[in-house]
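Per the numbering used here, the very first residue in the sequence shown carries number 131; after that it's consecutive.
The beta-carbon is built from N, C-alpha and C at its ideal position, and this holds for glycine as well.
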Amino acid sequence: MSFNDRYFEQIANYNTKKDKRSNNAKTKRLLSSLAVVLKDLPHNQQKQIDHVINDLRDGVRFNWIGSVEVYRNLLV
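In structure tokens form, the structure reads like this:
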């Protein structure tokens with residue numbers, strides 16, 4: 131099976147019972163893609179978003195700004 135076949139199969143199975151990715155992985159992917167756009171906002175708005183994303187009541191710290199740099203490098 132070629133890469134394209136696997137890629138299209140993954141897209142076809144997205145958010146179905148065959149989708150084996152965890153909700154945490156989906157959430158991280160969503161936040162990382164949004165972060166690419168959010169990174170261009172002014173610093174004070176970034177801090178407000180960071181405060182909402184990293185509530186820490188759930189004990190999870192998500193480095194969305196760091197993820198932006200990784201995703202931007204992949205997009206180039």
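Inter-residue Cα distance where the pair is residue i and residue j
i, j, result
"Lys147", "Lys156", "14 Å"
"Gln175", "Asp185", "16 Å"
"His173", "Asp135", "41 Å"
"Leu160", "Ile183", "12 Å"
"Arg191", "His181", "10 Å"
Residue from the options with nearest C-alpha to residue i
i, options, result
"Lys158", "Leu204, Asn203, Asn193", "Asn193"
Own chain partners of residue i with C-beta closer than 7 Å, once the 5 adjacent residues on each side are dropped
i, result
"Ile179", "Leu168"
"Leu204", "none"
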